[in-house]
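In the numbering used here, the protein residues as written are 33 to 169. One structure is given below, encoded as structure tokens.
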Amino acid sequence: MFAKLLSLLTGRRSMSVPSFSMPADDALTTTASGLKYEMVSDGEGGNPSASDKVTVHYAGWNLDGALFDSSYGRGQPATFPLGGVIAGWTEGVQLMKPGAVFRFVIPSDLAYGPHGAPPAIAPNATLLFQVELLSVS
């Protein structure tokens, strides 16, 4: 009841978080940096550059399936400068067009590296993200 009231007052509504689904290795494309990705659905228009601001919905999991962050769960997309996030996101989102949905398997050296992001992300963790690119500005 409280969550429903809060969503009415704030104008935010919780959305379904995508299920954890590790893509099969043969379904993934690997870039020179080691980023792996799968296009779930394509979009239309131009690809963003690292200097663009993007608006996305996303969910992020550790490889054990533990969800550590999700804009879907908050009911509001995230907007940020693409060059201001982990390297795996900067590289991967530049492969997308608005409206596209991709899954990324991001190795530790393109994510949070040996320090991790405690407590949710351990040192040297490989991460899985599902990202929906909503807009580019």
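Just so it is clear, CB atoms sit at the ideal spot from N, CA and C, and this is done for glycine as well.
DSSP places A64 outside both helix and strand once states are collapsed to three, so it counts as coil. Per DSSP, S102 is one residue of the beta strand (DSSP E) stretching across 99-102. Contact between the region 119-136 and the region 51-69 is established, with three or more Cβ pairs separated by less than 8 Å. In this structure, G97 is the residue among G97, S140, A143 with its C-alpha nearest to the C-alpha of V49.
Looking at the DSSP output, H89 sits in a beta bridge with E164. DSSP places V133 in the strand class (E or B) of the three-state scheme. Taking 9 Å as the cut-off, the beta carbon of S140 is found closer than this to the beta carbon of P155. By the neighbour-count criterion, in which a residue is buried when 16 or more other Cβ atoms sit within 10 angstroms of its Cβ, A132 is buried.
By the neighbour-count definition (other C-beta atoms within 10 Å, threshold 16), G105 is an exposed residue. Sequence-distant partners of S83 (beyond 5 residues in either direction) whose C-beta falls short of 7 Å from its own C-beta, in its chain, are G115. Taking a contact as a CB-CB distance under 8 Å, the pair F161 and G92 counts as one, their CB atoms being some 5 Å apart. Selection S169, E164, V168 evaluated against D74 yields E164 as nearest (Cα-Cα).
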